[in-house]
Amino acid sequence: MTVTKPVFDRLGFWLWVGSFLIVLGLALWSPDTRSVVHIYRHGSEAFLSREPLYDVQVAMGYLYAPAFAALYVPLVKLGPHLGCVLWHVLGFGALTFAAMRQVRKIGGPEQTWLLSFGLFLALPVSLAALRNGQATILLTGACWFLTLSALEGRRAECFFWATLAIIAKPTGIIMLLLAGALRPRLIPVLALAVLVVLAIPYGFAPTGYINAQYHDFFRMLTSMTVDPTGPFVPADFTAPFTRFGMTLPEFDATIVRAVAGLLTLWVVLQFDRRLNSSVSGLAIFLTAAFYMCVFNPRVEQNTYAMVAVPAGLSIALLWREKGAGAMRWLLAALLFITGLTSVDSRLHDLFHPWFRPIAISIVACLLIGWFWTRARQKMPAAGAVAHG
């Protein structure tokens, strides 16, 4: 760390902020260029016109809950430029402040360096999603806050962040399930958040119209998980097999996802029991984000921004520890380089979509293994104190 600290004490953080300011400038200049925000805008416009939100046959386009369309209306009213800028700020702010809260929770020396270096490593993977204005950024911040709030037993915060996570993307329900498993007493609060999200659209549109949208919404979710069609190219764990001509049968892929989900649940429960509370939230969210990316049948390449920042902070934390010199260099280089595989169209064609799930799996699994080692080291120490 003596080599990197003078450089990254604040540089990484300002690169993170500076890159986002450039993104804001591009969004203000041309809101619909290299952006998915127009999909959110069209969804809200369809909601206001009482038109169908979903195309169930192809499962593409607007893929969010009706509550998203209802609550995005104020940004539509602000116009494409200002609304787009505010949307970018909302997602970026949620993710950045979640990372800052996590660093404060970790504590210890050189917290500024820890945040700065972690954000620097995560920037290449995250930048495309930030530029596109994807709801993944808001989802990541909301789920991270939800994880920390759940571990601390903060009911009101859990309700807010759970509500925001489900509105941002339906996959947020995975984090709600994990939070409920970690803290069963929060299950009523989490269930209430789901009911509120379901009820929000009824306050803005006729009941018959909303019922029809929910009918299509749940049909679409089912078709997306069973038979993805259309131009969408999944970048989950099946992508490397597909890329090299070894397509996995859907039944086998579903079994793998179910087993991975159970394993993820067991790992986060162990982290909650055995890790120090200062780092357990980071380990748990990293594990959950890894599952939500690699084993999500509708994951895109830019969705891996969800795991980038917690992975970056975990690598920075590993870097702060003594030893593990080769592994920390490997993880830092691999995470950073993974985000650079789309800077050129030829590189993109070569590495899309198979490389990112492999690289992120290596990074996440090694980091999860490192946290697991820390957890195993903590237990004997705690036992020795107890017997002393």
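If you want the numbering used here, it's the position in the sequence shown, counting the first as 1, plus 945. Where a beta carbon is used, it is the ideal one built from N, C-alpha and C, also for glycine.
> My guess is that Ile1334 and Thr1283 are in contact by the Cβ rule of under 8 Å, so how many angstroms apart are they, rounded?
Replying inline: With the chain running from 946 to 1333 in the structure shown, residue 1334 is simply not present.
>> Does Asp954 come out as helix, strand or coil in the three-state DSSP assignment?
In response: coil
>> Whole angstroms are fine: how far does the CA of Gln1047 sit from the CA of Val1178?
In response: 33 Å
> With distances taken from CA atoms, which of Asn1077, Asp954 and Trp1058 is nearest Ala972?
Replying inline: Asn1077
> Using the C-alpha atoms, what's the distance from Thr978 back to Ala1067?
Replying inline: 23 Å
>> Could you tell me the alpha carbon to alpha carbon distance between Ala1278 and Leu1295, rounded to whole angstroms?
In response: 19 Å
> Comparing alpha-carbon positions, which option in Ala1320, Arg986, Leu1060 and Gln1056 lies nearest Trp959?
Replying inline: Leu1060
> Leaving out the 5 sequence neighbours to the left and right, which residues in its chain are closer than 8 Å to Val1034 when beta-carbon positions are compared?
Replying inline: Leu969
> CB-CB under 7 Å to Tyr1154, same chain, minus the five flanking residues each way: which ones, in chain order?
Replying inline: Arg995
> With Cys1088 and Phe965 assumed to form a contact (beta carbons below 8 Å), what rounded beta-carbon distance in angstroms separates them?
Replying inline: No, Cys1088 and Phe965 are not in contact; Cβ-Cβ is about 20 Å, not under 8 Å.
> Over what stretch of residues does the alpha helix (DSSP H) that includes Ala1261 continue unbroken?
Replying inline: Ala1250 to Arg1265
>> Is any non-hydrogen atom of the ligand SAH found closer than 7 Å to the C-beta of Ser1061, if you look at the structure I gave you?
In response: Among the components modelled here there is no ligand, and therefore nothing to report on the ligand SAH.
>> Mapping the DSSP letters down to three states, classify Asp1181 as helix, strand or coil.
In response: coil
>> Quick check on the burial criterion: 16 or more other C-beta atoms within 10 angstroms. Buried or exposed for Asn1156?
In response: exposed
> Residues in its own chain within less than 6 Å of Arg1128 by CB, not counting five upstream and five downstream?
Replying inline: Ala1095
> Can you tell which of Leu1166, Arg1099 and Leu1109 has its C-alpha closest to the C-alpha of Asp1000?
Replying inline: Leu1166
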